[in-house]
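Student: Shown below is the structure under consideration.
2 protein chains.
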Amino acid sequence: MSDKKTEIIRILKEFEGKSISGEELGEALGISRTMVWKYIKSLQNDGYPITSSQKVGYKLDHVPDILYPENIMSGLENRLIGRSVIYYDEVDSTNNAAKRIARESDDGTVVISRIQKSGRGRLGRPWISPDGGIWLSIIIKPKISLAHASRLTILAGITVTKIMRDMGVDAVIKWPNDVLINKKKVCGILTELNAEIEQIEYVIVGIGINANNEIGDFTEELRKNSTTLKQETGKPVNRVELVQDILSEFEQQYIRFNTQPFSSILDEWIELSDTLGKHVTIMTPTRMISGKAIAITENGSLIVRKADGISEEVIGGRCMYEIS
Amino acid sequence: MSDKKTEIIRILKEFEGKSISGEELGEALGISRTMVWKYIKSLQNDGYPITSSQKVGYKLDHVPDILYPENIMSGLENRLIGRSVIYYDEVDSTNNAAKRIARESDDGTVVISRIQKSGRGRLGRPWISPDGGIWLSIIIKPKISLAHASRLTILAGITVTKIMRDMGVDAVIKWPNDVLINKKKVCGILTELNAEIEQIEYVIVGIGINANNEIGDFTEELRKNSTTLKQETGKPVNRVELVQDILSEFEQQYIRFNTQPFSSILDEWIELSDTLGKHVTIMTPTRMISGKAIAITENGSLIVRKADGISEEVIGGRCMYEIS
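Protein chains in written order, with UniProt numbering: chain A, 1 to 324; chain B, 1 to 324.
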C-alpha cells in the first residue's frame, strides 16, 4: 500500500505541478485507473493538495511540509538509511518507538513523529517536542564493538551541522553533541543502544531539531538557551527537504565510517565544533570537572586540563562554557 | 503477601524441622492465627511440605528444592542482589523477562524461571533450559562507563566458578566466560545491556547452570560438550543453596568491583581460568583468529599471538582450544 503511495507522490513531484492522467499513472504503477483513484483519495485525505480533473488528470499543487513516509522517501536515493520510514502522528518518543520495533526492523529504518509526548534528551532530561519540529530516530545495526558505539553520535552531530551550514546558518557542535546557532541549542542528539557484551544488537540515533516549532512553546528556562531554524533564518524551513538532506548526509557519513579511518571523521568534527580551546565546566551524574577542553579522543571523550595541570578524560555530561 | 510468606519460610527454616505454633508465628509476623493459616495453606499449595497439628503447630519437614522467591530470599543476607526476586514457572528467557521490567525494577532484582522456553546463549545461540537447571538473570544499574560494562561478565564468571569449587568440583573459566568441568560446559553467562552513550541504563547478567537437569535433555551435539552438576557430583545439588551462594558471592564481587582496582579482580579471573597459555581458535561474527592466548585486558578482551608473531585483541566470540 504505502509503496504505491510513495511511487505516486514521487511521480507527481517529478511532474512539478503539471498534470498526469490516471491512465499514465496506472501504467507506471502497474495498477488500474480505479486503484489509482483510490490511492489519490487516500493521499488527499492525508493532506496532499492533489487536484484532479477528468480532462487532464492529477496534479500535486505543491509539496506539503508533512513528514509522511512517502513524502520523505520519494526522491531519497539512499541504499540503507530511510529505506523504511515509520510515521506517527503522536508518540511517547521516537527513540522509545524505535526501541520497541528495533529487533524486527531493517537496518536503517527511520521513525518520525509529528509530536513527541514524552520526548527525551540526554541523561534523562525532557525534550519539548511540539508540532513543527523534526523528531526522528534512526535504527542502525552496525558490526562494531561496544567501545566504539559513541562514534555514531559523532557522525550524527557532523551530519546535522553540515546540513545546517549548507542552509546558510552558522551551526556549531558543542561537545558532546548538541548543535548550536548563535550559542543557542537548535538540535539535540540522543544515542541509545542495546547490546550483548560481544556484539551490538542495535543503536538508536535520535535527532531532535527545533525547526518550525514556536519559541513560545519552550519553557522560560529553555527559551534563553534554545532557538529554532525558523527563528534563525527568518522563515519556515522545508522540513521534508531537511529530513531528506539529513538522511542522505548521514548515509554518506556512515559509509565513510565503515570504510575510512575514524581519524578523518574526527578531524571534521573538530572543524565543526567550537568546544576545543574553551574553558568548560562539565557535570556528570557523579562529578563536576572544570578546566580547558584540550582534545577529543577517538571515542568522543573530551580531555579537560584542570587548573592543577592534571588532564582528565570525560565521557559525557552537561557541558557549560565559561564566559570569557 | 509474598513478604509474609518469605518470613514464614524463614522462621520455619530456623526451627529446623521443629514445630512452631500458629500463635507464635502470628505474633512474630504481627498477623492473626487465621491469616497464618491462610499463608500456610498457600505455601502448601506451592509445594512446601509443611505439616500442621492442632497440638504443636506447624513444621517444615524439609526445605524443598524449588526456586521460589521466599525460599531463596529467606536466609539470604544481601543488601542489593536478590532483595527482589521474581519467579516464573515458564518464561521465554529470563534475560528477556528482565529486560521487560528492568527500567521499573530495583537495582539488584533477580529473575528466575523453572523453565526457559527460548533460552538464549551468547551471540544469538539457543540454550536448552529444561526443569532442573538454574536459569536466572540479575538486573544491575551500575554507575560505570559503557566501555567497562564487560567487567560485570567477568565478575559473574568468577562468582560461579568459585562457588562450584567450594562444592568440590574442578570448575574453570574458559574465555570469554563459560564455566567448564572436565572440559565440558556446565554454565554459560549472557550479559546484555541498555544504555545511552553517556550512561548505562541497566545491565542484565544472565546465568544459566546445568544443575539437576538431565543429560538426556541435551541435543546430541550438546551432549559431547556439556555436563551437569548432578552428573559431575553424582547426586542432585541443592539448587536453593546454590542460588543463594551465587547471589551472595556476586554481591561480594560487586562490592569489590565498586571499591577496589579492577586489576585484583582480573588476577582472580586469571587464576580461575584455563585459557591463557593455550592455543586457541576464535570465531567472531566477522572473522576467525588462531594463535596463542597470551593475556587478558582490563575489559576482558583476549590477546592472541598469531603464528606470524602479530598479536591481536579479541573482544569475544566462540573459542576453541587446540588439542595439544
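Think of the CB as a built atom: it goes at the ideal place given N, C-alpha and C, for glycine as much as any other residue.
#1: I'd like to know if the region 191-210 of chain B and the region 131-148 of chain B are in contact, where contact means that at least 3 CB-CB pairs between them fall below 8 Å.
#2: Which residues in chain A have a C-beta closer than 7 Å to the C-beta of Q260 (chain B)? List them in chain order.
#3: Measuring alpha carbon to alpha carbon, tell me which residue in A:R305, A:L247, A:E16 is nearest I139 (chain A).
#4: Between which two residues does the beta strand (DSSP E) carrying D89 (chain B) extend?
#5: For G317 (chain A), return the contacting residues in chain B, with the cut-off set at a CB-CB distance below 8 Å.
#6: Among all the DSSP beta bridges, which residues are the ones paired with Q116 (chain A)?
#7: So, does the CB of L123 (chain B) fall closer than 8 Å to a CB anywhere in chain A?
#8: Assuming contact is defined by CB atoms lying nearer than 8 Å, are N299 (chain A) and R120 (chain A) in contact in what I supplied?
#9: Going along chain A in order, which residues have a C-beta closer than 9 Å to the C-beta of N194 (chain B)?
#10: Could you work out which residues of chain A lie near P285 (chain B), taking near to mean beta carbons separated by less than 9 Å?
#11: Kindly identify the DSSP beta-bridge partner or partners of N194 (chain A).
#12: Rank A:S118, A:A28, A:K18, A:E14 by C-alpha distance to the C-alpha of S74 (chain A) and give the top, closest one.
#13: For E322 (chain A), count neighbouring C-beta atoms within 10 Å of its own C-beta (all shown protein chains included) and say buried if the count is 16 or more, exposed if not.
#14: Where do the N-terminal and C-terminal ends of the alpha helix (DSSP H) with K18 (chain A) fall, by residue?
#15: Residue range of the alpha helix (DSSP H) that S311 (chain B) falls in?
#16: Quick check: the region 73-87 of chain B against the region 238-253 of chain B, are at least 3 beta-carbon pairs closer than 8 Å?
#17: Is there at least one Cβ from chain B nearer than 8 Å to A295 (chain A)'s Cβ?
#18: Enumerate in chain order the residues of its own chain whose CB-to-CB distance from S21 (chain B) is below 6 Å, with the five nearest sequence positions on each side excluded.
#19: If you scan the region 21-60 of chain B from start to end, which runs of the beta strand (DSSP E) of 3 or more residues do you find wholly inside it?
#20: Can you give, in chain order, each stretch of the alpha helix (DSSP H) that sits fully within the region 245-286 of chain B and has at least 4 residues?
#21: Need the endpoints of the alpha helix (DSSP H) that L222 (chain B) sits in, please.
#22: In terms of alpha-carbon separation, which member of B:K143, B:N225, B:V169, B:K224 lies closest to I255 (chain B)?
#23: Output needed for T6 (chain B): all residues of its chain with C-beta closer than 8 Å, excluding positions within five of it in sequence on either side, in chain order.
#24: Measure how close the beta-carbons of I282 (chain B) and K306 (chain B) come, nearest whole angstrom, since I'm counting them as under 8 Å.
#25: Could you work out which residue in A:L155, A:K185, A:I200 is closest to I215 (chain A) when comparing CA atoms only?
#26: So the candidates are A:S105, A:S311, A:G234; which of them puts its Cα closest to the Cα of G168 (chain A)?
#27: Alpha carbons only, please: which of A:K4, A:G206, A:A28, A:K18 is nearest the one belonging to K41 (chain A)?
#28: Just the Cα atoms here: how many angstroms apart are S129 (chain B) and S118 (chain B)?
#29: For R114 (chain A), count the other beta carbons within 10 Å of its own beta carbon; 16 or more makes it buried, fewer makes it exposed. Which is it?
#30: Counting only beta-carbon separations shorter than 8 Å, does P236 (chain A) have a partner in chain B?
#31: Which residues in chain A have a C-beta closer than 7 Å to the C-beta of L146 (chain B)? List them in chain order.
#32: Please identify, using Cβ separations under 9 Å, the residues of the region 264-275 of chain A that lie next to chain B, in order along the chain.
#33: Compare the C-alpha of R287 (chain A) against each of A:S301, A:R318, A:I200 and name the closest.
#34: Let me see if you follow: with CB-CB separation under 8 Å, is P69 (chain B) close to chain A or not?
#35: Taking all protein chains shown into account, do 16 or more other C-beta atoms lie within 10 angstroms of the C-beta of A295 (chain A), making it buried, or fewer, making it exposed?
#36: Below 8 Å on the Cβ atoms is my contact criterion, and I expect residue 343 (chain B) with T228 (chain B) to pass it. Report the Cβ-Cβ distance as a whole number of Å.
Tutor: Let me spell this out:
#1: yes
#2: Start at 1 with the first residue of the second sequence, and residue 260 (chain B) comes out as number 260. In chain order: nothing, as chain A lies at least about 18 Å away.
#3: Here residue 139 (chain A) is taken as the residue at index 139 of the first sequence, counted from 1. When only C-alpha atoms are compared, the closest one is A:L247.
#4: In the second sequence, the residue the question calls residue 89 (chain B) occupies position 89. From DSSP, the beta strand (DSSP E) with D89 (chain B) extends over 85-91.
#5: Position 317 of the first sequence, counting from 1, holds the residue named residue 317 (chain A). By Cβ distance, chain B contributes E198.
#6: Translated into the one-based positions of the first sequence, residue 116 (chain A) becomes position 116. According to DSSP, Q116 (chain A) bridges with A:V91, A:S129.
#7: Here residue 123 (chain B) is taken as the residue at index 123 of the second sequence, counted from 1. Closer than 8 Å to some Cβ of chain A, the Cβ of L123 (chain B) qualifies, so yes.
#8: For the purposes of this step, residue 299 (chain A) is taken as residue 299 along the first sequence, with counting starting at 1. For the purposes of this step, residue 120 (chain A) is taken as residue 120 along the first sequence, with counting starting at 1. No. Outside cutoff.
#9: Along the second sequence, read from residue 1 onward, the residue named residue 194 (chain B) stands at position 194. Chain A residues near N194 (chain B): K99, E192, L193, N194, A195.
#10: Position 285 of the second sequence, counted from the start, is the residue given in the question as residue 285 (chain B). Here the neighbours are K143, E198, Q199.
#11: Position 194 of the first sequence, counted from the start, is the residue given in the question as residue 194 (chain A). Answer is A:Y202, B:N194, bridged to N194 (chain A).
#12: As a position in the first sequence, residue 74 (chain A) is number 74, starting the count at 1. That would be A:E14, whose Cα lies nearest to the Cα of S74 (chain A).
#13: Looking up residue 322 (chain A) in the first sequence gives position 322. It is exposed - the Cβ of E322 (chain A) has fewer than 16 other Cβ atoms within 10 Å.
#14: Here residue 18 (chain A) refers to the residue found at position 18 of the first sequence. It is not in any alpha helix (DSSP H) - K18 (chain A) carries neither H nor E in the DSSP assignment.
#15: Against the second sequence, residue 311 (chain B) aligns to sequence position 311. S311 (chain B) -> not in any alpha helix (DSSP H); beta strand (DSSP E) instead, spanning 311-314.
#16: yes
#17: The residue given as residue 295 (chain A) occupies position 295 in the first sequence. With 8 Å as the cut-off, A295 (chain A) does not count as an interface residue toward chain B.
#18: What you label residue 21 (chain B) is simply residue 21 of the second sequence in a count that begins at 1. Excluding sequence neighbours, S21 (chain B) sits near G57.
#19: 50-53, 57-60
#20: 262-272
#21: Numbered from its first residue, the second sequence carries residue 222 (chain B) at position 222. Here the alpha helix (DSSP H) through L222 (chain B) covers 220-225.
#22: For the purposes of this step, residue 255 (chain B) is taken as the residue at position 255 of the second sequence. Minimum Cα distance to I255 (chain B) is reached at B:K143.
#23: Counting from 1 along the second sequence, the entry for residue 6 (chain B) is found at position 6. Within the same chain, T6 (chain B) has close Cβ partners P69, E70, M73, S74.
#24: Position 282 of the second sequence, counted from the first residue, corresponds to residue 282 (chain B). Position 306 of the second sequence, counted from the first residue, corresponds to residue 306 (chain B). About 11 Å separates the two Cβ atoms, so there is no contact after all.
#25: Translated into positions along the first sequence, residue 215 (chain A) becomes position 215. The residue with the shortest Cα to Cα distance from I215 (chain A) is A:K185.
#26: In the first sequence, the residue the question calls residue 168 (chain A) occupies position 168. Closest by alpha carbon: A:G234.
#27: Walking along the first sequence from the start, residue 41 (chain A) turns up at place 41. K41 (chain A) has its Cα closest to that of A:K4, out of A:K4, A:G206, A:A28, A:K18.
#28: Counting from one through the second sequence, the residue named residue 129 (chain B) turns up at place 129. Counting from one through the second sequence, the residue named residue 118 (chain B) turns up at place 118. Each residue's Cα considered, the two are about 8 Å apart.
#29: Position 114 of the first sequence holds residue 114 (chain A). Looking at its Cβ environment, which holds 16 or more other Cβ atoms inside 10 Å, R114 (chain A) is buried.
#30: Numbered from its first residue, the first sequence carries residue 236 (chain A) at position 236. False, the Cβ-Cβ gap to chain B never drops below 8 Å.
#31: Counted from its first residue, the second sequence places residue 146 (chain B) at position 146. Here the neighbours are L146, A149.
#32: none
#33: Reading the first sequence from its first residue, position 287 is the one you call residue 287 (chain A). Among A:S301, A:R318, A:I200, the Cα nearest to that of R287 (chain A) is on A:R318.
#34: Along the second sequence, read from residue 1 onward, the residue named residue 69 (chain B) stands at position 69. P69 (chain B) does not count as touching chain A.
#35: To locate residue 295 (chain A), count along the first sequence from 1; it is residue 295. A295 (chain A) is exposed by the Cβ-count criterion.
#36: The requested residue 343 (chain B) does not occur in the structure, where chain B is confined to residues 1 to 324.
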